[in-house]
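Residue numbers (full-length UniProt numbering): 12 to 612. Here is the structure we will look at, set down as structure tokens.
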Ligand code: GTP
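Following this line, the structure appears as structure tokens:
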């Protein structure tokens, strides 16, 4: 296809503003999927995506679209819709998908208006110099307020409200006009067809039958099956076993030229060998310059994962090995805990990534798991000048600490203006510094804060939602590190530290953390044969204390009379119960107590 007849675009939207529904409608209208085989949300392939209603992995599809020109002649175009992951955790993936496009449909729910992710993604799109087509979706809703939000959208991107399109992904209204607008407004791709081939990888998924399927956007030259290619960041060469387009299933082709989007199969077995953001070129006489800098995915949040049943540990290992094939950002290494046994310390891009991973392990691999409180990456410098990178409270160094650096994020919060006070108060208690505030309209406001990431991953989103009756939206991105006054608080049972409960907290929150943990455990741990002190301590200094009084536990006391079989049964039962007990020193703690104490509510 001539580049002049190609349009590459994506849809950017806040979660639930209807991106998948609109994409489905486009598939149907362009005849790529007939209505009979139309399954809801065709582009979201993973079950879990469908169930949670969120898009995790991008999918792209080629759509034929004919437009009648001014002379009344029908012209055929190829539209590549590139589906971007919608969530903050996947910013780098989003930015690569955007880099594969020339334009973006900015989709906003006509009953909700602009939300934090709409803005975050819009900024990313503008950084990539994309042409923006502003669209209000769900105009079929009785609660839709198209005039109001068209004004908001126009204000943000600096256009006239009349240029904002009105569509409904549900009824299909306005979708044809939108496709026409994509052809009319979005520039066609430009590249040098005679130059050495250069294509950018913007997604890569693992398929059990075919190995890794890599999605690419060709910028210069042409890639053909059977050719040898070079992945420029890993410097590995591969043979192109297959090259094709998605429409909506993979269809092999004779090659991909300038501006085209499609997939390649090289036989690699692990998405780490075919990395999002990498540039591919021909292995002989290839290009020397990459298309933009490649960036390794960096875990931002760490947490321990432990099987509830210790004998499931090998299963957990196998499951993680399998997930990793499809998830270049997931890292893990074995970890052992006195309280929770053997497990893995896992690194994630963010909280959602953590939740999704845990969900998949439980659902697809049938594992029951406990995860420990998430932690960020701390850089600790000691008095003697040595440095430690700490992702697990149990690795916190002993000795004199000179200073600690922690990751800082810039967050954007959008909310109805009546909640400004509540939000400011919340951000203040989370060590936030206000960066600015803008009114999007008379009643809605954008607040900008910088804040330690550690404060965000500790139920900040829930707190924000509850203070704004669910109306506020949040987006954040890491902007660097700052020095913080941080300490490690240990929780001790009878003088023995319980590693799973250790936490790194700001000095001003240490006391509160200590008190809440000791109180929780006091309620959760049953009485033992002896008194059990529960303490919270920073180093050797105890900052909070509770104690569980001793009790004589006699299960046989209940059955006076001499029914021996009943007695035996009770003893058996007690033994069963013991299995689920963990010993911390001499103290027996039911596993449920650990789980309950680790949950945030
Ligand atoms: P993420 O994948 O999480 O980003 O969500 P999404 O933006 O893809 O949203 P999705 O298409 O899943 O739609 C979210 C909800 O809005 C679903 O319940 C849809 O049925 C509904 N919805 C989508 N488009 C329309 C529309 O045009 N009109 C109405 N009334 N509802 C819609």
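Every residue, glycine too, gets a C-beta built ideally from N, C-alpha and C.
Taking only heavy atoms of the ligand GTP into account, decide whether any of them is closer than 6 angstroms to the Cβ of residue i.
i: residue 27; result: yes
i: residue 151; result: yes
i: residue 132; result: no
i: residue 31; result: yes
i: residue 180; result: yes
i: residue 148; result: yes
i: residue 24; result: yes
Can you give me the Cβ contacts of residue i inside the same chain, cut-off strictly under 6 angstroms, excluding the 5 residues immediately before and after it?
i: residue 379; result: 319
i: residue 231; result: 202, 203, 206, 209
i: residue 76; result: 41, 88, 90, 190
i: residue 250; result: 239
i: residue 69; result: Below a pLDDT of 50, predicted positions are generally treated as unreliable, and residue 69, at 43, falls in that range; the measurement from the model is reported next regardless. Once the five neighbours on either side are set aside, the close Cβ partners of residue 69 are 94, 95, 96, 108, 214.
i: residue 515; result: 404, 497, 499
i: residue 358; result: 310, 313, 342
i: residue 162; result: 172
i: residue 385; result: 312, 314, 468
If you draw a straight line from the C-alpha of residue i to the C-alpha of residue j, how long is it?
i: residue 496; j: residue 518; result: 6 angstroms
i: residue 142; j: residue 19; result: 11 angstroms
i: residue 235; j: residue 82; result: 36 angstroms
i: residue 288; j: residue 300; result: 14 angstroms
i: residue 393; j: residue 126; result: 43 angstroms
i: residue 177; j: residue 322; result: 56 angstroms
i: residue 43; j: residue 96; result: 22 angstroms
i: residue 65; j: residue 27; result: Its pLDDT being 40, under 50, residue 65 is placed unreliably in this model, and the value from its coordinates should be taken loosely. Cα to Cα, the separation comes out at about 8 angstroms.
i: residue 243; j: residue 297; result: 10 angstroms
i: residue 449; j: residue 166; result: 12 angstroms
i: residue 270; j: residue 303; result: 16 angstroms
i: residue 389; j: residue 137; result: 32 angstroms
i: residue 259; j: residue 360; result: 29 angstroms
i: residue 461; j: residue 100; result: 17 angstroms
i: residue 105; j: residue 403; result: 29 angstroms
i: residue 443; j: residue 490; result: 14 angstroms
i: residue 613; j: residue 552; result: No information on residue 613 is available, as it lies outside the stretch 12 to 612 that the chain covers here.
i: residue 233; j: residue 266; result: 7 angstroms
i: residue 599; j: residue 439; result: 40 angstroms
i: residue 294; j: residue 307; result: 22 angstroms
i: residue 268; j: residue 224; result: 18 angstroms
i: residue 616; j: residue 227; result: Within the shown structure, residues of the chain are numbered from 12 to 612, placing residue 616 beyond reach of any answer.
i: residue 480; j: residue 420; result: 24 angstroms
i: residue 15; j: residue 200; result: 7 angstroms
i: residue 280; j: residue 221; result: 9 angstroms
i: residue 446; j: residue 464; result: 16 angstroms
Give every residue of the same chain whose Cβ lies closer than 7 angstroms to the Cβ of residue i, excluding the five residues on either side of it in the sequence, and list them in chain order.
i: residue 256; result: 73, 262, 264, 273
i: residue 410; result: 393
i: residue 510; result: 348, 349, 350, 405
i: residue 29; result: 118, 120, 148, 149, 180
i: residue 63; result: With a pLDDT of 44 at residue 63, under the threshold of 50, the modelled position of that residue is not reliable, and no figure is offered here.
i: residue 34; result: 22, 54, 92, 94
For residue i, I'd like the list of residues in its chain whose CB is within less than 8 angstroms of its CB, leaving aside the five on either flank, ordered along the chain.
i: residue 482; result: 426, 427, 430
i: residue 608; result: 512, 528, 531, 532, 535
i: residue 476; result: 483
i: residue 79; result: 85, 86
i: residue 247; result: 241, 284
i: residue 130; result: 167, 423, 425, 457, 486
Going by the DSSP bridge assignment, what does residue i pair with across the sheet?
i: residue 412; result: 393
i: residue 239; result: 250
i: residue 517; result: 497
i: residue 407; result: Residue 407 pairs with nothing; no bridge assigned.
i: residue 546; result: 503, 556
i: residue 214; result: 226
i: residue 71; result: 93
i: residue 425; result: 457, 484
i: residue 594; result: 599
Quiz item: Any contact of the segment 100-113 with the segment 277-292, i.e. 3+ C-beta pairs under 8 angstroms?
Solution: yes
Quiz item: Three or more C-beta pairs closer than 8 angstroms, one from the segment 370-379 and one from the segment 342-350: is that the case here?
Solution: no
Quiz item: Does the pairing of the segment 540-549 with the segment 432-448 give three or more beta-carbon distances under 8 angstroms?
Solution: no
Quiz item: How do the segment 415-426 and the segment 453-460 stand: do at least 3 beta-carbon pairs fall below 8 angstroms, yes or no?
Solution: yes
Practice problem: Decide if the segment 498-510 is in contact with the segment 328-338; the criterion is three or more beta carbon pairs, one per stretch, under 8 angstroms apart. | Solution: no
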